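Here the sequence shown stands for residues 1 to 367, numbered as in full-length UniProt numbering. Heads up, the thing below is written out as structure tokens.
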Amino acid sequence: MDPRLARRVLVASTEITSAALEDPDAVLGLVVRSAAELADADLGLAMLTAEDGKLSVEASSGEPVGAVLSSRSAAAKAARTGVPVVADDVTSDPRTAPFVPKALRGYGPFAVAPFGTKDRNLGALAVYRKRGARPFTQVTVDVLAAFAAQAGLAVVLAEGVTARQRVAVYEERDRIARDLHDVIIQRLYAAGVQLDLLERRIGKKLDAPDLARISMAVDQLDETIAEVRATVRRLRSADPDDHADLLSSVRAEVRTAAELLGFPAELQVKGDLADVPAKLADDARAALREALSNVVRHSGATRVRVAARRDEKRLLIRIEDNGCGIPEGVAHRGLRHLQERAKAANGECDIQTSPNGTTITWVAPIV
């Protein structure tokens with residue numbers, strides 16, 4: 001290869017490598033423009049191979065982006081075999097003529113080289129000149145093949161870097177979600193419990209405005225916890241492989257409540273909770289936490305039972321306590337979230353309360 005041509009290929013390949021690492025989504029456009037310049041062509045096309053063997057034009061130095069070439073076309077053959085193809089006239093050469101899209105029939109000289117690496121076949125890189133122009137020489141075909149190989153390697157390497165960066169982002173999101181769930185929410189929850197206990201202990205000694213301020217603070221904590229939970233769900237939903245394990249969550253919530261109550265809560269589990277759909281698991285987990293929060297804050301109970309049951313058709317969460325019942329004000333504050341969660345899951349929430357205790361039954365269908 002002529003030293004000047006080799007230098008041009010090297011410079012273009014270096015630019016492609018830098019661009020692939022900085023902006024992988026835009027690199028194909030630079031690849032086809034560079035290929036057209038190196039080959040002194042009127043049109044450059046970057047074509048990626050689909051599962052059925054057809055090639056789709058993903059980037060062009062002109063038109064037509066979006067065109068699809070047959071799996072029997074010369075470009076598809078070059079991508080498959082790794083051997084470049086050159087034709088003096090793409091519309092009359094028997095190897096290429098039957099497969100030329102209408103948008104490319106105004107071109108004559110044609111050359112195509114495989115695009116990618118030995119282990120990762122991306123597709124093909126093709127160049128065209130207008131009909132009647134001089135054909136591509138073997139030197140030009142060699143230049144195109146060398147450049148396509150270098151550019152293909154850069155794109156494949158960039159795909160690997162992008163994939164690793166995406167994994168790192170998912171891992172960081174998961175870490176943040178865990179910290180929010182395991183640390184921040186629990187601290188806010190504990191603060192709300194302490195405020196509620198304080199309200200019960202000294203409420204009679206406080207004026208109405210002071211009681212209202214405490215109640216407002218508890219409401220704000222509840223709203224903040226709900227917002228943080230929503231943020232956790234959004235962070236985790238970015239990772240398609242994330243699945244909520246409801247059984248582990250139920251056990252964790254019962255343990256947390258027991259620590260705050262000062263005695264162990266009974267837990268009965270029936271059915272497989274480990275593979276409950278993620279959205280339903282989120283709703284059930286939040287409902288259980290809300291119900292246990294109200295037991296801790298308001299009931300004065302000495303016994304708490306939690307049942308979690310799942311069959312083929314539905315999921316049931318039941319919380320029973322022997323406390324003093326639910327004060328009127330609470331029904332308009334925390335427990336409305338239980339009803340909302342049940343409604344969102346196409347289920348229902350039944351609350352039975354009396355001076356002898358409270359039973360909350362939360363049921364939703366499994367779909």
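The beta-carbon is built from N, C-alpha and C at its ideal position, and this holds for glycine as well. Remember, predicted model here, so these are calculated numbers, not experimental data.
{"Item": "Look at the alpha carbon of PRO355 and the alpha carbon of GLU348, and state the distance between them as a whole number of angstroms.", "Value": "23 Å"}
{"Item": "Work out the CA separation of ARG173 and LEU69 for me, nearest whole Å.", "Value": "41 Å"}
{"Item": "Please report the distance separating the alpha-carbon of LEU208 from that of VAL363.", "Value": "The residue you asked about is not Leu; residue 208 is Ala in the sequence shown. Going from the Cα of ALA208 to the Cα of VAL363 covers about 38 Å."}
{"Item": "Counting pairs of Cβ atoms below 8 Å between the region 136–149 and the region 93–101, do you hit three or more?", "Value": "no"}
{"Item": "Decide if the region 251–258 is in contact with the region 282–300; the criterion is three or more beta carbon pairs, one per stretch, under 8 Å apart.", "Value": "yes"}
{"Item": "Within the continuous alpha helix (DSSP H) that includes residue 384, where are the two ends?", "Value": "What the structure shows of the chain is the stretch from 1 to 367, and residue 384 is not part of that stretch, so it cannot be assessed."}
{"Item": "Name the residue from VAL367, ILE366, ILE326 whose alpha carbon lies nearest to the alpha carbon of ILE351.", "Value": "ILE326"}
{"Item": "Give the straight-line distance between the Cα atoms of ARG95 and ALA74, rounded to the nearest whole angstrom.", "Value": "7 Å"}
{"Item": "Shorter than 9 Å from the beta carbon of VAL276 to some beta carbon of chain C?", "Value": "Given the protein chain composition of this structure (a single chain), no chain C is represented."}
{"Item": "Cβ of residue 369 within 9 Å of Cβ of LEU157?", "Value": "No information on residue 369 is available, as it lies outside the stretch 1 to 367 that the chain covers here."}
{"Item": "Compute the Euclidean distance between the alpha carbons of LEU338 and LYS205, then round it to the nearest angstrom.", "Value": "31 Å"}
{"Item": "Given ALA307, which residues of its chain have a CB within under 6 Å of its CB, disregarding the five upstream and five downstream residues?", "Value": "GLN268, ARG318"}
{"Item": "Jot down the residue ranges of each uninterrupted beta strand (DSSP E) in the region 292–333, minimum 3 residues, whole runs only, in chain order.", "Value": "304–310, 314–321"}
{"Item": "Determine the extent of the beta strand (DSSP E) in which VAL85 is found, giving its start and end residues.", "Value": "85–87"}
{"Item": "Under three-state DSSP, which class holds ALA238?", "Value": "In this prediction, ALA238 has a pLDDT of 48, which is less than 50 and means its spatial position is unreliable; what the coordinates show is noted afterwards. If DSSP states are grouped into helix, strand and coil, ALA238 belongs with coil."}
{"Item": "Please report the distance separating the alpha-carbon of ARG309 from that of ASN294.", "Value": "21 Å"}
{"Item": "So if DSSP puts SER60 in a beta bridge, which residue, or which two residues, is it bridged to?", "Value": "LEU45"}
{"Item": "Cutting at 7 Å between CB atoms, please list the residues of its own chain near LEU45, excluding the five before and the five after it.", "Value": "VAL32, VAL57, SER60, ALA126"}
{"Item": "In chain order, what residues of the same chain have a beta carbon less than 7 Å from the beta carbon of ASP93, not counting five sequence neighbours either side?", "Value": "ALA87"}
{"Item": "Relative to the C-alpha of ARG303, which candidate in ALA50, PRO365, GLU266 has its C-alpha closest?", "Value": "GLU266"}
{"Item": "Could you tell me the distance, in whole angstroms, from the CA atom of ILE185 to the CA atom of GLU312?", "Value": "32 Å"}
{"Item": "CB-CB under 7 Å to SER71, same chain, minus the five flanking residues each way: which ones, in chain order?", "Value": "ASP52, GLY53, LYS54"}
{"Item": "Determine the extent of the alpha helix (DSSP H) in which ILE360 is found, giving its start and end residues.", "Value": "Taken as a continuous stretch (DSSP letters only), ILE360 belongs to no alpha helix (DSSP H), being part of the beta strand (DSSP E) at 357–365."}
{"Item": "Which word fits PHE34, buried or exposed, when buried means at least 16 other C-beta atoms lie within 10 angstroms of its C-beta?", "Value": "Sequence check: residue 34 is Ser here, not Phe. Flag for SER34 reads buried."}
{"Item": "Where DSSP assigns a beta bridge to PHE115, which residues make up the other side?", "Value": "GLY123"}
{"Item": "To which residues does DSSP link TYR128 through a beta bridge?", "Value": "LEU43, PHE110"}
{"Item": "Closer than 7 Å by C-beta to ALA67: which residues in its own chain qualify, once you throw out the five before and the five after it? Chain order, please.", "Value": "VAL57, PRO101, ALA103"}
{"Item": "Just the Cα atoms here: how many angstroms apart are ASN121 and VAL27?", "Value": "17 Å"}
{"Item": "How would you label LYS343, buried or exposed, when you count the other beta carbons within 10 angstroms and need 16 or more for buried?", "Value": "exposed"}
{"Item": "Which residues in the same chain as ASN346 place their Cβ atom closer than 8 Å to its Cβ, once the five residues preceding and following it in sequence are excluded?", "Value": "ALA364, PRO365, VAL367"}
{"Item": "Closer than 7 Å by C-beta to ALA133: which residues in its own chain qualify, once you throw out the five before and the five after it? Chain order, please.", "Value": "GLY108, PRO109"}
{"Item": "Which residue marks the beginning of the beta strand (DSSP E) containing LEU267, and which one marks its end?", "Value": "266–270"}
{"Item": "Going by other Cβ atoms of all chains shown within 10 Å of its Cβ, with 16 needed for buried, is ASP275 buried or exposed?", "Value": "exposed"}
{"Item": "Name the two residues that bound the continuous beta strand (DSSP E) containing GLU348.", "Value": "348–354"}
{"Item": "According to DSSP, simplified to helix, strand and coil, what is LEU180?", "Value": "helix"}
{"Item": "GLU37: which of ARG229, PHE147, HIS181, ARG297 sits nearest, CA to CA?", "Value": "PHE147"}
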